[in-house]
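Student: If you want this note's numbering, it's the position in the sequence shown, counting the first as 1, plus 2.
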Amino acid sequence: MRFLCVKQPTQADIFGQAYDLKPLDPAKENIEDILVTDQTSANELLARHPDILIEIKLEFKTGFRFPRPINRPEEVRPNEKILILRNGGIGDHIMLLPALQAFRERVPPDCRIWLATQKEKQPLFESNPHVERLLPLPLRLSELLQADGLIDFSGRRDWYDLASLPMTDAYLNFFHLDYTRITNKRPRLYYRSGKNRAVLEKLASARQDRPGRPLVLLNWKASNRLRDLPAQQLLFLTAECDDILFAIGQPAGLQSETAREIQDHAGPIVDCSPLLTGLDPYLELLNQCDAVVST
Numbered sequence: 003m004r005f006l007c008v009k010q011p012t013q014a015d016i017f018g019q020a021y022d023l024k025p026l027d028p029a030k031e032n033i034e035d036i037l038v039t040d041q042t043s044a045n046e047l048l049a050r051h052p053d054i055l056i057e058i059k060l061e062f063k064t065g066f067r068f069p070r071p072i073n074r075p076e077e078v079r080p081n082e083k084i085l086i087l088r089n090g091g092i093g094d095h096i097m098l099l100p101a102l103q104a105f106r107e108r109v110p111p112d113c114r115i116w117l118a119t120q121k122e123k124q125p126l127f128e129s130n131p132h133v134e135r136l137l138p139l140p141l142r143l144s145e146l147l148q149a150d151g152l153i154d155f156s157g158r159r160d161w162y163d164l165a166s167l168p169m170t171d172a173y174l175n176f177f178h179l180d181y182t183r184i185t186n187k188r189p190r191l192y193y194r195s196g197k198n199r200a201v202l203e204k205l206a207s208a209r210q211d212r213p214g215r216p217l218v219l220l221n222w223k224a225s226n227r228l229r230d231l232p233a234q235q236l237l238f239l240t241a242e243c244d245d246i247l248f249a250i251g252q253p254a255g256l257q258s259e260t261a262r263e264i265q266d267h268a269g270p271i272v273d274c275s276p277l278l279t280g281l282d283p284y285l286e287l288l289n290q291c292d293a294v295v296s297t
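#1: Kindly list the residues whose CB is nearer than 8 Å to the CB of Gln103, restricted to its own chain and excluding five residues on each side of it in sequence; keep chain order.
#2: In chain order, what residues of the same chain have a beta carbon less than 7 Å from the beta carbon of Thr12, not counting five sequence neighbours either side?
#3: Could you tell me the distance, in whole angstroms, from the CA atom of Pro140 to the CA atom of Ser207?
#4: Measuring CA to CA, which of Thr279, Leu237, Ile250 and Ser195 is closest to Gly269?
#5: Determine the DSSP secondary structure at Asp154, reduced to helix, strand or coil.
#6: Measure the C-alpha to C-alpha separation of Arg114 and Ile84 and round it to an integer number of angstroms.
#7: Does Leu228 pass the burial test, meaning 16 or more other C-beta atoms within 10 Å, or should it be called exposed?
#8: Determine the DSSP secondary structure at Tyr284, reduced to helix, strand or coil.
#9: Please classify Gly90 as buried or exposed, where buried requires at least 16 other C-beta atoms within 10 Å of its C-beta.
#10: Excluding the 5 residues preceding and the 5 following Ala1 in the sequence, name in chain order all residues of the same chain whose CB lies nearer than 6 Å to its CB.
#11: Look at the Cβ atom of Ala249, then the Cβ atom of Leu219, and state whether they are nearer than 8 Å.
#12: So within the stretch 156-203, which uninterrupted alpha helix (DSSP H) runs reach at least 4 residues, ignoring any that extend past its ends?
#13: Assign Arg209 to one of three DSSP states: helix, strand, or coil.
#14: Tell me, please, whether the stretch 34-41 touches the stretch 143-160 by the rule of three or more beta-carbon pairs shorter than 8 Å.
#15: My output table needs one value for Arg114: the three-state DSSP class, helix, strand or coil.
#16: Using the C-alpha atoms, what's the distance from Asp163 back to Ala172?
#17: From what residue to what residue does the alpha helix (DSSP H) around Pro100 run?
#18: When you compare each of His51, Gly251 and Lys59 to Leu277 by their alpha carbons, which one comes out closest?
#19: For the beta strand (DSSP E) containing Asp266, list its first residue and its last residue.
#20: Just to confirm the assignment, what range does the alpha helix (DSSP H) spanning Asn45 have?
#21: Who are the near neighbours of Leu287 in its chain, counting only those whose CB is closer than 6 Å to its CB and skipping five residues on each side?
#22: Which of the three DSSP states is assigned to Leu136 in this structure?
#23: Using 8 Å for Cβ pairs, my map puts Leu136 next to Gln120. What's the rounded Cβ distance?
#24: Under the rule that 16 or more other beta-carbon atoms within 10 Å means buried, what is Lys30, buried or exposed?
#25: Quick check on DSSP: helix, strand or coil for Ser129?
#26: For a test of the three-state rule: what should DSSP assign to Ile59, helix, strand or coil?
#27: Apart from the five residues just before and just after Pro100, which ones in its own chain have a Cβ nearer than 7 Å to its Cβ?
#28: Here's the rule I'm using: 16 or more other beta-carbon atoms within 10 Å means buried, otherwise exposed. How should Gln234 be labelled?
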């Protein structure tokens, strides 16, 4: 967990959230102008805006009552508010969903789970019954101080090994839960379907042309391009599996590249990429699929 403030009065959009910030004034103790975030996004923001943002150190001996670190469900007390900080891509958040449910099922039922994540990614968690409140990341110090406990995935380095653990198992490992004994690892989106008619109509037409086939989304690209797969490593399935209806959906900046990859490597496929104008249409596509094969 790290603390940032501005050097000059600033209005900014950070990860989809609007902020109106002023420099610190010791006479006013304006804690609403102190931003709290995780290690990863702090590094990113400071690198992008060195002329505007500065990191500050807060003494935990001050009169502020900071939330105590939480690492496992049994550390949560009844009626507490537990704040989770998590910055990540779409896939990172989707893989968090089963672990979030497992954690929620093991804490006192009257506690409340708050999740601070990028505003632009919050549709992934809207309507989720395991989260009582969504906050933007960065959040304000005044919001942090309302919590009783804090879970910051960036605060520990001992929980995740890409070479040995799938991401959901890594999240469970962070909570000190035995991932070998938890069987419900299916990510469930509590997405309210029906908001994106264009996606629904495109898929309905494809299903009418090829009825009775399961719909499987292929995604060989990641938010971090270092994790991209060569397109042919997934697209060969479209020619090999005639009993499956395959779909893809890539954001606007990748559509020309995706079209070339489809032309070079793909058999029959439903390309929803031109319809993906934001996260909501992509969530509609995910929600309609029976399975996903992804990097």
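Ideal Cβ positions, reconstructed from N, Cα and C, are used throughout, including at glycine.
Tutor: Result, derived from the coordinates:
#1: Contacts found: His132, Asn186 and Arg190.
#2: Cβ neighbours of Thr12 beyond the five flanking positions: Leu23 and Ile54.
#3: Taking the straight line from one Cα to the other gives about 42 Å.
#4: Per the Cα distances, Leu237.
#5: Here Asp154 sits in strand by DSSP.
#6: Spanning the two alpha carbons is a distance of roughly 6 Å.
#7: Under this definition Leu228 is an exposed residue.
#8: In this structure, Tyr284 counts as helix in the three-state DSSP scheme.
#9: Burial of Gly90 is indicated by the presence of at least 16 other C-beta atoms within 10 angstroms of its C-beta.
#10: Nothing in the structure corresponds to residue 1, since the chain is present only between 3 and 297.
#11: Contact annotation: Ala249 and Leu219 have beta-carbon atoms nearer than 8 Å.
#12: With a minimum length of 4 residues, the continuous alpha helix (DSSP H) runs that stay inside the stretch 156-203 are 169-176.
#13: If DSSP states are grouped into helix, strand and coil, Arg209 belongs with the helices.
#14: These segments touch.
#15: DSSP places Arg114 in strand when its eight states are reduced to three.
#16: Take the alpha-carbon of Ala172 and the one of Asp163: they are about 7 Å apart.
#17: Ile92 to Arg106 is the span of the alpha helix (DSSP H), which, as asked, contains Pro100.
#18: Taking only the C-alpha atoms, the option nearest Leu277 is Gly251.
#19: Per DSSP, Asp266 belongs to no beta strand (DSSP E); it is in the alpha helix (DSSP H), Gln257 to His267.
#20: In the DSSP assignment, Asn45 falls within the unbroken alpha helix (DSSP H) covering Gln41 to Arg50.
#21: These residues qualify, in order along the chain: Val201, Gly251 and Cys274.
#22: The three-state secondary structure of Leu136, taken from DSSP, is strand.
#23: At roughly 11 Å, the Cβ-Cβ gap does not stay under 8 Å, so Leu136 and Gln120 are not in contact.
#24: Its Cβ having fewer than 16 others within 10 Å, Lys30 is exposed.
#25: Note: Ser129 maps to coil in three-state DSSP.
#26: Sequence check: residue 59 is Lys here, not Ile. Lys59: coil per DSSP, three-state reduction.
#27: Only Thr170, Asn186, Lys187, Arg188 and Pro189 meet the Cβ criterion.
#28: Answer is exposed; the Cβ neighbour count stays below 16.
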